[in-house]
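Q:
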Amino acid sequence: MKAVKGLIGSPISAGLCQLSLHRITWHTSRSLLIIRQANLTSLVSVASSIANDTAGQALLSQLAVGNKTVFAPNNEAFASVPESISSNTTALVEVLSYHILNNSYTPEGVAVATNHTIARTLLQGGEYALPGNRSAPVVLERESANATTIRVVQGNNIEAQGPVAAANLQVYIIDQVLELPGNLSTVATAAVPALAGIIPPEILTALESTEGITIFAPNNDAM
Numbered sequence: 000m001k002a003v004k005g006l007i008g009s010p011i012s013a014g015l016c017q018l019s020l021h022r023i024t025w026h027t028s029r030s031l032l033i034i035r036q037a038n039l040t041s042l043v044s045v046a047s048s049i050a051n052d053t054a055g056q057a058l059l060s061q062l063a064v065g066n067k068t069v070f071a072p073n074n075e076a077f078a079s080v081p082e083s084i085s086s087n088t089t090a091l092v093e094v095l096s097y098h099i100l101n102n103s104y105t106p107e108g109v110a111v112a113t114n115h116t117i118a119r120t121l122l123q124g125g126e127y128a129l130p131g132n133r134s135a136p137v138v139l140e141r142e143s144a145n146a147t148t149i150r151v152v153q154g155n156n157i158e159a160q161g162p163v164a165a166a167n168l169q170v171y172i173i174d175q176v177l178e179l180p181g182n183l184s185t186v187a188t189a190a191v192p193a194l195a196g197i198i199p200p201e202i203l204t205a206l207e208s209t210e211g212i213t214i215f216a217p218n219n220d221a222m
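The C-terminal position of the sequence shown is numbered 222 in numbering that gives the first Met the number 0, with every residue numbered one higher than the one before it.
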């Protein structure tokens, strides 16, 4: 998918922003036009479903406060979201929160691999609580110093096409929905199954409830 093809000539944020225009002020009519130009009907539908929820309204209103970066999943990406999430307003707010970064990130400002840029999302609190009331991060990189796109480092890495500037937003199109951070048991089982298999469940549970720790986990070969 080409960056411009996925954005220009289509409405990005009827879903993310339009639904609470009484609370969101866009800076220019040109930016508003760009935001209305993306054919992301699933994104519009998801945003519509959280617009009457208190947490959903709070999330949508944050889009107008300061500079933000939005990773906007395309229709195909949303089609793969399980019903347990798509029918759960709380889960949808968490998912969308993880797709919004609390700053403006352009390719030129993202580190070149193998270095990385750690960016804070709007996802925080609850099971995603971090010390200092910090929000959950995502890891970004670009392939080279000349790269005009960026990647979200997650799984096989997710290419982010764009960005298009819209008022205070930098908007990227992605073809997958970002996975929310997993708990220690989930991460350990997926990344280091040999280690996870010998740690008693009660120790994993205790570690999961402990904030502000760093764990060095030997890989399978080391085990």
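Think of the CB as a built atom: it goes at the ideal place given N, C-alpha and C, for glycine as much as any other residue.
#1: Could you tell me which of Leu95, Arg119, Glu75 and Asn167 sits nearest to Leu58, measuring between CA atoms?
#2: Check whether the segment 113-121 and the segment 76-85 are in contact - that is, three or more C-beta pairs closer than 8 Å.
#3: Could you tell me whether the segment 144-159 touches the segment 174-193, where touching means 3 or more Cβ pairs closer than 8 Å?
#4: Which ranges does the alpha helix (DSSP H) cover as unbroken runs of at least 4 residues, wholly within the segment 64-138, from first to last along the chain?
#5: Taking a contact to mean a Cβ-Cβ separation below 8 Å, would you say Leu122 touches Glu93 in this structure?
#6: Mind checking which residues open and close the beta strand (DSSP E) that includes Ile157?
#7: What residues in its chain sit with their C-beta under 6 Å from that of Tyr97, if we drop five residues either side in the sequence?
#8: Going by DSSP, name the residue or residues bridged to Glu207.
#9: From Val109 to Phe70, what does the alpha carbon distance come to, in whole angstroms?
#10: Give me the residue from Leu62, Ile49 and Leu39 with the minimum Cα distance to Ile84.
#11: Under the three-state reduction of DSSP, which class applies to Val151: helix, strand or coil?
#12: Does any CB atom of chain C fall closer than 8 Å to the CB of Ser79?
#13: DSSP on Glu140, reduced to helix/strand/coil?
#14: Report yes if the C-beta distance between Gly125 and Thr88 is below 8 Å; otherwise report no.
#15: CB Ser103 to CB Asn145, shorter than 8 Å?
#16: Residues in the same chain with beta-carbon distance under 6 Å from Ile212, minus the five sequence neighbours each way, listed in chain order, please.
#17: Assuming Val229 and Asn218 are in contact, meaning their beta carbons sit under 8 Å apart, how far apart are those beta carbons, in whole angstroms?
#18: Leaving aside the five residues before and after Pro130 along the sequence, list all residues of the same chain whose C-beta is less than 6 Å from its C-beta, in chain order.
#19: Going straight from the alpha carbon of Thr40 to that of Val137, what length do you get?
#20: Would you kindly work out how many angstroms separate the C-alpha atoms of Asn167 and Pro199, rounded to a whole number?
#21: For a quick check, are the C-beta atoms of Pro162 and Thr113 less than 8 Å apart?
A: So, from the listed chains and residues:
#1: Leu95
#2: Note that the segment 113-121 does not touch the segment 76-85; fewer than 3 beta-carbon pairs, one per stretch, sit closer than 8 Å.
#3: yes
#4: 74-78, 82-85 and 88-96
#5: In this structure, Glu93 lies closer than 8 Å to Leu122 by Cβ.
#6: Ile157 to Ala165
#7: Thr120, Leu122, Leu177 and Leu179
#8: Answer by DSSP bridge pairing: none, since Glu207 is not bridged.
#9: 15 Å
#10: Ile49
#11: Strand.
#12: Annotation note: the requested chain C is absent from the structure, which comprises a single protein chain.
#13: strand
#14: no
#15: no
#16: none
#17: Only positions 0 to 222 of the chain appear in the structure, and residue 229 is not among them; the question remains open.
#18: Glu210 and Gly211
#19: Each residue's alpha carbon lies about 25 Å from the other.
#20: 48 Å
#21: no
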